[in-house]
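Novice: One structure is given below, represented as structure tokens, and several questions about it will come after.
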Amino acid sequence: METGTYRGEEDTVDLGELGSFLRSRRDRLRPEAVGLPGGSRRRVPGLRRDEVAELASLSADYYTELEQGRGQTPSEPVLCALARALRLAPDETAHLFHLTGHPAPFGAEPVQMQAALQQLMMRLDDTPAMVITDIHEVVVQNHAAQVLVGPQAGPTGIRASFLYHWFTDPATRDLYPADDHDYHSRLLVSDLRAAVARRGPADAVSRALVGHLLDVSEEFAGLWRAHEVKVRHEEYKRVVNPVLGTLKVTCNSIVTADAAQRLLWFVPDDAGVVPRLHELDPADVWRDTPGPAFGLVRGRD
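Residue numbers for the sequence shown, in numbering that gives the first Met the number 0: 0 to 300.
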């Protein structure tokens, strides 16, 4: 059961979180999707525990223990069987592995990719670009990105995360049209879920961020309980700029091998906007806007 504070044992396994995740995925999976009869006489909205156990070739007792946050930590073959039985998407499968302390493959790139990302970003002279962490802390932005979305580097602690501002400061949402706010809230939380599992319960920074947001934001708490997992890759979004108006952009990303950082770059639909991003001063663009320009705001809670 979720509480107002996110807590985890000081190790790499969180069986309670694993149980909650398995239950949420079982509840959403309809019997017809796995070749089982449905009908109105079923007592649960999704599959029964014994049905998941059978599909994964596990004993019903063992699967029940997993959902209850008890028993032995499942092995990688068991996790693969559960992912197939529950029809998990790739991001959800990686999340399942992270919850049990097992590594999910990210590719063969070296950890030193973090430095390489910054070097690559600095060469993207014609493209708004920034490097962020997996919990949406801005590491560095080029000039065009600061003009486009505001200078966001600077805060420390949990305030360094864009999620902190999104769920605690309504003015932050001025960066996107109101019609898009629910979409961004859901995507931010589902991406954070993957990051928290990847970091593990011993990570104090992500635990503090989640715990604070559970305490102060009912919207965040509701989305967190949904257990949705989706790592952000390519997005098509609308950005509201104080000077340039509402811009349609494609946001792409490259993720490091350990998924700790990612390079984002923005491609506006209107190529004529790009020269303006280089001409404008971000301090002038965002000075009178209390929203996402965190680096320009002083003394705000």
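In this text, a Cβ means the ideal position worked out from N, Cα and C, and glycines have one as well.
Please read these numbers as outputs of a predicted model, since none were measured by experiment.
1) Compute the Euclidean distance between the alpha carbons of G68 and R25, then round it to the nearest angstrom.
2) Is it right to say V303 is buried, meaning 16 or more other beta carbons lie within 10 angstroms of its own, or is it exposed?
3) Contact defined as beta carbons within less than 8 angstroms: I believe L174 pairs with P291. What is the distance between those atoms, to the nearest angstrom?
4) With which residues is G70 paired in a DSSP beta bridge?
5) Examine the Cβ distances between the region 140 to 155 and the region 178 to 195 and report whether three or more of them are shorter than 8 angstroms.
6) Taking the C-alpha atoms as reference points, what is the distance between G45 and A115?
7) Whole angstroms is fine: what's the gap from F293's alpha carbon to E233's?
8) Are three or more beta carbon pairs between the region 280 to 291 and the region 133 to 146 nearer than 8 angstroms?
9) Less than 9 angstroms between the C-beta atoms of Q117 and V130, yes or no?
10) Does the beta-carbon distance from L17 to L95 come in below 9 angstroms?
11) Could you tell me the boundaries of the alpha helix (DSSP H) in which G271 lies?
12) Compare the beta carbon distance of R29 and L54 with 9 angstroms and say whether it is the shorter of the two.
13) Evaluate A203 with the Cβ neighbour count: other Cβ atoms within 10 Å of its Cβ, from every protein chain shown; 16 or more gives buried, anything less gives exposed.
14) With a 10 Å radius around its C-beta and 16 neighbouring C-beta atoms as the bar for buried, classify H135 as buried or exposed.
15) Is it buried or exposed, D268, if we count other Cβ atoms within 10 angstroms and call 16 or more buried?
16) Suppose only complete runs of 4+ residues qualify. What are the alpha helix (DSSP H) ranges in the region 186 to 228, listed by chain order?
17) Just the Cα atoms here: how many angstroms apart are R198 and S205?
Specialist: Working from what's here:
1) Residue 68 sits at position 69 when you count from the first residue of the sequence shown. Residue 25 sits at position 26 when you count from the first residue of the sequence shown. Between G68 and R25, the C-alpha separation is close to 15 angstroms.
2) No answer is possible for residue 303: the residues shown for the chain start at 0 and end at 300.
3) Taking the sequence shown and counting its residues from 1, one reaches residue 174 at position 175. Taking the sequence shown and counting its residues from 1, one reaches residue 291 at position 292. Yes, they are in contact, since the Cβ atoms of L174 and P291 sit about 4 angstroms apart, within 8 angstroms.
4) If you number the sequence shown from 1, residue 70 lands on position 71. None, per the DSSP bridge assignment.
5) Two segments are said to touch when three or more pairs of C-beta atoms, one from each, lie closer than 8 angstroms; by this definition the region 140 to 155 does not touch the region 178 to 195.
6) If you number the sequence shown from 1, residue 45 lands on position 46. If you number the sequence shown from 1, residue 115 lands on position 116. Rounded to whole angstroms, the gap between the alpha carbons of G45 and A115 is 45 angstroms.
7) Residue mapping note: residue 293 aligns to position 294 of the sequence shown, counting from 1. Residue mapping note: residue 233 aligns to position 234 of the sequence shown, counting from 1. Rounded to whole angstroms, the gap between the alpha carbons of F293 and E233 is 24 angstroms.
8) By the Cβ test, the region 280 to 291 is in contact with the region 133 to 146, since at least three Cβ pairs between them sit closer than 8 angstroms.
9) The residue labelled residue 117 in the question sits at position 118 within the sequence shown. The residue labelled residue 130 in the question sits at position 131 within the sequence shown. Cβ atoms of Q117 and V130: closer than 9 angstroms.
10) Against the sequence shown, residue 17 aligns to sequence position 18. Against the sequence shown, residue 95 aligns to sequence position 96. L95 is positioned such that its CB atom lies closer than 9 angstroms to that of L17.
11) Residue 271 sits at position 272 when you count from the first residue of the sequence shown. Counting along the chain, G271 sits inside no alpha helix (DSSP H), nor does DSSP assign it H or E at all.
12) Position 30 of the sequence shown, counted from the start, is the residue given in the question as residue 29. Position 55 of the sequence shown, counted from the start, is the residue given in the question as residue 54. If you check the CB distance, R29 and L54 do not come in under 9 angstroms.
13) Position 204 of the sequence shown, counted from the first residue, corresponds to residue 203. Under this definition A203 is an exposed residue.
14) For the purposes of this step, residue 135 is taken as the residue at position 136 of the sequence shown. By the 10 Å Cβ count, H135 comes out buried.
15) Within the sequence shown, the letter at position 269 stands for residue 268. By the neighbour-count definition (other C-beta atoms within 10 Å, threshold 16), D268 is an exposed residue.
16) Qualifying alpha helix (DSSP H) stretches, in chain order: 203 to 215 and 217 to 224.
17) Within the sequence shown, numbered from 1, the residue matching residue 198 stands at position 199. Within the sequence shown, numbered from 1, the residue matching residue 205 stands at position 206. Spanning the two alpha carbons is a distance of roughly 8 angstroms.
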